[in-house]
Structure formats: structure tokens, C-alpha cells
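Student:
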Amino acid sequence: MNTFKYIKPKLFSVLKNYSREQFTKDLIAGIIVAIIALPLSIALAIASGVKPEQGLYTAVVAGFFISFLGGSRVQIGGPTAAFVVIIYGIITQYGMSGLTIAAFLAGIMMILMGVLRFGNLIKFIPKTITVGFTLGIAIGIFSGQLKDLFGLNMGAVPAEFVEKWVSYIQHFNTIQWPTFMIGMLALFIQIFWPHVSQKIPGSLIAIIVTTAIVSFGHLSVATIGDLYTIKAGLPTLTMPNLSFSLIRQMISPAFTIAILASIESLLSCVVSDGMIGSRHRSNAELVGQGVGNIMSALFGGIPATGAIARTAANIKNGGRTPIAGIVHALTLLLILLFLMPYASLIPMSCLASILVIVAYNMSGWRTFIYMLRKAPKSDIAVLLITLFLTVFFDLVVAIEFGMILAAFLFLKRMSDVATVRQWVDKDNLDNEEISEDIDLKRVPKHTVVYEIFGSLFFGATTEFLNFTHEEGKRVLILRMRNVPAMDISGLEALEETFEICKKKKMTLILSHVNEQPYHVMEKAGFIEKIGRDNICKNIDASLERAESFA
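In the UniProt record's numbering, the protein residues as written are 1 to 550.
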């Protein structure tokens, strides 16, 4: 059992000292978070192009398993705004069967990531990419709400960004003013309600007020019931219609969903750790998220992840264990069973206004502006390209291209800082040229010493090979204390250097070889080739070794 301790769910650890007092706090927090999640789950489902109840299926099923099997004490799982754009694209092109397969595959990928201990690797995704695609998603969500917010009399909203705005402009003269006013009222309530109460979400108050006005005032405003047939009751287990061609097409979207879910859930875990003074288990969280997405797919839901806002609300209301997340899921299940028919009365413009607020809150525009002003040009390029691709193409392309571009730019930076410097014999310097902060040593006349700074990899070998052409020397010392890592290209550069030294009848000595480069050389047989006596622990030993060849 200890072998898989790193994926042990937090629930199993916290129950050992669980008290009745904490259960009461978790119960209250879970109910409050369910109230917060209710309007968001419905709104996000509709924005994603699926039925309203499917948002609740996701919050119930995925929310339960994420809390039950996850690695955080307080994580609340469910549908989030980050998935809206990609889900809408999949639904438009492949239908619900395509989305089910994509979510199922994403869940499998996340479980594998957790089992293989990839939890800590997610942090290596550059912030420029996450900020770029998050703002792009926010723009996409906002753009998708204008039809319902203004009550435009048009057909289905196009999936493509430019086509969407062209269609809005063409149909703007069909605006329905009662619908628009209800949407503006809902926006006003959500903006100013937090000054009245932090306990009850403004989105819920907006739904109650606008639904009452539309229902009792008999206003001609489109509601959920006008567009969807809402089904109350338990979600049913449904196996997707699997076909190899569809699975192959869904691999790339599934990977994007898995990466998105991993980033958002682990970010939520880090934020919540700081709020409660605890530490989550990254790999266990990925496994819990993976199982949650698989089960959500099988029960008719959509992709899910940890929701930062709902998790923070859970903490602020006293939730401290996964029991609160389980209570949240069960509360939503009761709402799904007994209160769902009343959701048909909710105005569509109210839901659109909720998503406008969600888009604004998630956009991170202040961080975006800060990066534009302060970041290096290469980071700005990644930021803008990721944003552009997210908005005008899709999230899959944005993340894949952004990661590739960021990787190339990182390698370029690493190769730029990788340098090779020749040592100067202190006997050849005047006293005024010697700086006190430089540790100069006497170098034998027949010896040349070079010090390498930076990782020795394929991007830096050209610089490395430029120093090997020394005439009249019998020993070449390479000081490698500042070489933390080396790849096969770096090894080949060393091999080439050794061959040049052989032709010139020079001896190659390596000084202070770090652990990783040493293992690479040893595995390739390079240590034996140059002789173990020519691998010295420090520069003094290397210079002493060079003296023996005088």
C-alpha cells in the first residue's frame, strides 16, 4: 500500500481525527457552495452547447469523485468556464458522442499522469501560456453571450469568432429591449450585491429577482424553458458509441482538456493550501480529477476540474475536509431531483449576464497588461500568439503551438547563456589587472584551461566546439563545475573534442564533473575512453595532473 501512498486520497487521511463539530462546519459549507454552484453549472452547460441539466450532472458526479478520491482537503469540482470554448467547438463538430469520448480519454490521461507522478511537472507550463489562453477563453465566453444578453433574433451562434461578430452586427437591429433590460438588471445585481452580503452569491439573487419579474410581469423574455426541455431525475449510465476514427480525432482535444483540467485543479489546490495552511497531494488530485471526468462522461456530463472560486467559498464558510465537497454534490443531486423544473423559468439574458461576470473575473486582464509592460519581448510574443490562436482558432492549437514556441525560446535562452571562457595564467597578468574577486591559479605553460558555463545540450554545442583549436599545447583542461546537465549532443561534442585532442597529441582532462553529466559519460563509455585518471574532482587536482605531462 505504501507504494501508492502518493495517490492516497486526502479523505482517507483526514477522517482519522474527524469530529462532529467539523462535520457541522463541512455540512454548512457544502450546502452554501452548492447554492453558488447551481446557477453557474446551468449557465456553463448552456454556454457549452449542452442541456442545462448536464451541468448539474457534472457538478454532482464529477464533484463527488473529485472530493472522494482527490488529493486536496477542500477542493470543489465541477464545470468551469475554462472548458466552455473547447466543449462548444467539440459539440459543434462532433456532437455529444465526440465530447463524451474526449472527456473519457482526458480522464484516462489524467489518471496516468497521476500514477506516473506528473503532478509536479504541470508547474513547468509557462505563465505566459496560461495567461494568454485564459484571457482568450474569457473573450470567447463573453462573445458567446451577446445573442441571449441582447435578445437578438438570429439562428445558432457561429462557433468561429469573426463569423460570430459579423452575425451579431448583421442582426443587431433585432434587439429585444425587455430582454436587454432584464440582462442589465442581472448584471447590476451581481456587481453591487457583494456590498450587501458575501454569504449568498449575487448570481443566485439575480436569478431569483429576474425570474420573478419575468414570471409575474408576463414579460416577453426568452427563458430556459423556451429553448430547452429540462429533465429532472437521476443521470443514467450511458456507454459512448466507440469508433476508432472518432477516438483518433478526439486524442488532441482530450489532451487539451487533460492539460487544462490539471492546470486549473492544481492551481486551485495551491491557492487553497495557502488559505488553510495545508499541503495537497498533486498526483492524488490528478487521479481524482481523472476518475471524476470519466464518471462525468459516462453519466452524461461534461469535462470538470477544480473550481477556484467555489473552493475559496468552501474555505471561507468553514469547510476543511472533502466531506464538504461530497455534501455539495449531494445537495445538488437533491436540487436536480426535486427543484429542476423551476429552472425552466430562468431568463436566458440573466444566465448570459452571469457568464459575462464569470468571463470578466477569469480574464486576468490586469496580469495581461502587466506582462505586456514588464515581460521580455520573447515572453510577450508567446503571450500574444497564445491569445490570438485561442480567440481566432481554438484552444487545442493555442496550447500546442504556445508550448512548442515557449520550449524553443527557452532553449534559445539557455544556449545564449551557455558560454566557454579561457583561463588566463596569473603569471601573464600585471598586478593591476588582477581583480580580487577572481580566483586565479598558475597554469602550466603546456596547458590550456577552459571553463564551461551552462548546460551542455544540442543548442549550445557550436559555442563549445569553437575553442578546441589550440597550437603548441599538450593538455586541455575543461572545467565543468558550472555544467549541471548534458544531453547526447553535448556528449558528441565532448567526443569530437577528444578526437581533435588525439590528433594534436593532447591529453583531455575533465575537472569537477557534476553527477548528471558524469552518468551520461559513464553510460556511453566515455569515461573509460579518456581514462578515469583524467577525471579530476577539482581544478587543483586537474592542474596537478597536467603537470605530470610536462
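C-beta: ideal position from N, C-alpha, C; glycine also.
In this text the structure is predicted, and so the values were computed from the model without any measurement.
What ranges does the alpha helix (DSSP H) occupy inside the stretch 228 to 252, keeping only unbroken runs of at least 4 residues that lie completely in it?
Tutor: List check, alpha helix (DSSP H) in window: nothing returned.
Student: Near Arg-545, what residues of its chain come up, given a Cβ to Cβ distance below 6 Å and the 5 sequence neighbours on each side ignored?
Tutor: Within the same chain, Arg-545 has close Cβ partners Ile-509, Cys-536.
Student: Confirm, please, whether the CB-CB distance from Gly-55 to Leu-44 is below 8 Å.
Tutor: Cβ distance < 8 Å, so Leu-44 and Gly-55 count as in contact.
Student: What is the residue span of the alpha helix (DSSP H) that Gln-190 lies within?
Tutor: 177 to 192 is the span of the alpha helix (DSSP H), which, as asked, contains Gln-190.
Student: Helix, strand or coil for Arg-373, going by three-state DSSP, please let me know.
Tutor: Residue state, collapsed to three classes: helix.
Student: Closest by CA to Phe-64, which one among Leu-27, Lys-316, Ser-296, Glu-492?
Tutor: Selected option, being the one with the closest Cα: Ser-296.
Student: Taking the alpha-carbon positions, what's the Gly-49 to Gln-516 distance?
Tutor: Looking at the two C-alpha atoms, the distance is approximately 50 Å.
Student: If we call anything under 8 Å between Cβ atoms a contact, is Phe-299 one with Val-61?
Tutor: Yes, they are a contact pair.
Student: Should His-328 be labelled buried (16 or more other beta-carbon atoms within 10 Å of its own) or exposed?
Tutor: The residue is buried, with at least 16 neighbouring Cβ atoms inside 10 Å.
Student: Can the beta-carbon of Ala-261 be found less than 8 Å from the beta-carbon of Thr-305?
Tutor: In contact: Ala-261 and Thr-305 (Cβ atoms closer than 8 Å).
Student: In this structure, does DSSP put Glu-163 in helix, strand or coil?
Tutor: Three-state DSSP puts Glu-163 in a helix.
Student: Please list, in chain order, all residues of the same chain as Ala-524 whose beta carbon is under 6 Å from its beta carbon, the five residues on each side excluded.
Tutor: Leu-491, listed in sequence order.
Student: In this structure, what does DSSP give as the bridge partners for Ser-511?
Tutor: Paired residues: Arg-479, Cys-536.
Student: Identify whether Gln-422 lies in helix, strand or coil by the three-state DSSP scheme.
Tutor: Of the three classes helix, strand and coil, the one that applies to Gln-422 here is strand, per DSSP.
Student: Under 8 Å Cβ to Cβ from Val-162, same chain only, skipping five residues before and after it: list those, please.
Tutor: The residues are Phe-392.
Student: Looking only at its chain, what residues have a beta carbon closer than 6 Å to the beta carbon of Leu-219, apart from the 5 residues adjacent to it on each side?
Tutor: These residues qualify, in order along the chain: Pro-178.
Student: When DSSP labels each residue in this structure, what does Asn-431 get in the three-state scheme?
Tutor: Any answer about Asn-431 is weak, because its pLDDT of 44 lies below 50 and its placement is not dependable; what the coordinates show is given next. In the structure shown, Asn-431 sits in a helix (DSSP, three-state: H, G or I).
Student: At what residue ranges does the stretch 77 to 152 contain a whole run of the alpha helix (DSSP H), taking only runs of 4 or more?
Tutor: Those alpha helix (DSSP H) runs which fall completely within the stretch 77 to 152 and span 4+ residues are 84 to 115, 127 to 143, 146 to 150.
Student: For the 8 Å Cβ check, are there 3 or more pairs between the stretch 113 to 121 and the stretch 357 to 377?
Tutor: Contact between the stretch 113 to 121 and the stretch 357 to 377 is absent, because fewer than three Cβ pairs lie under 8 Å.
Student: Determine the closest residue to Ile-308 out of Gly-95, Gln-75, Leu-543, Phe-12, with distance taken between C-alpha atoms.
Tutor: The shortest C-alpha separation from Ile-308 is found at Gln-75.
Student: Measure the C-alpha to C-alpha separation of Lys-164 and Gln-190 and round it to an integer number of angstroms.
Tutor: Between Lys-164 and Gln-190, the C-alpha separation is close to 26 Å.
Student: Kindly provide the ranges of any alpha helix (DSSP H) runs that are 4 or more residues long and lie completely inside the stretch 10 to 61, ordered along the chain.
Tutor: For the stretch 10 to 61, whole alpha helix (DSSP H) runs of length 4 or above, ordered along the chain, are 10 to 14, 20 to 48.
Student: Residue range of the beta strand (DSSP E) that Val-449 falls in?
Tutor: Residues 447 to 453.
Student: Counting pairs of beta carbons, one from the stretch 310 to 328 and one from the stretch 30 to 39, are three or more of them closer than 8 Å?
Tutor: Flag = yes, the stretch 310 to 328 and the stretch 30 to 39 touch.
Student: Ordered along the chain, which non-local residues of its own chain (more than five positions away) have a Cβ less than 7 Å from that of Ser-215?
Tutor: For Ser-215, where only same-chain residues beyond five positions count, the Cβ hits under 7 Å are Leu-345.
Student: Does the distance from the C-beta atom of Leu-266 to that of Ile-122 stay below 8 Å?
Tutor: Yes. Within cutoff.
Student: Can you give me the Cβ contacts of Met-109 inside the same chain, cut-off strictly under 6 Å, excluding the 5 residues immediately before and after it?
Tutor: Only Ala-258 meet the Cβ criterion.
Student: If I follow the unbroken alpha helix (DSSP H) through Thr-174, where does it start and stop?
Tutor: Premise fails: Thr-174 is in no alpha helix (DSSP H) and is neither H nor E.
Student: If we ignore side chains and look at the alpha-carbon of each, how far apart do Leu-242 and Phe-104 end up?
Tutor: When rounded, the distance between both Cα atoms is 11 Å.
Student: Could you give the distance in angstroms between the alpha-carbon of Ile-111 and the alpha-carbon of Ser-19?
Tutor: Cα to Cα, the separation comes out at about 31 Å.
Student: Please say whether Pro-347 and Thr-211 have beta carbons closer to each other than 8 Å?
Tutor: The answer is yes: Cβ separation under 8 Å.
Student: Which residue comes first and which comes last in the alpha helix (DSSP H) that contains Ser-344?
Tutor: Neither: Ser-344 is in no alpha helix (DSSP H) and is coded neither H nor E.
Student: Please name the residue in Ile-488, Ala-352, Arg-413 whose C-alpha comes closest to that of residue 551.
Tutor: In this structure the chain extends from 1 to 550, so residue 551 is not present and cannot be described.
Student: For the alpha helix (DSSP H) that Asn-293 lies in, which residues bound it at each end?
Tutor: Residues 282 to 298.
Student: From Met-362, Pro-158, Ile-129, pick the residue whose C-alpha is nearest to that of Thr-92; which is it?
Tutor: With distances taken between Cα atoms, Thr-92 lies closest to Pro-158.
Student: Between which two residues does the alpha helix (DSSP H) containing Phe-526 stretch?
Tutor: Counting along the chain, the alpha helix (DSSP H) containing Phe-526 begins and ends at 526 to 530.
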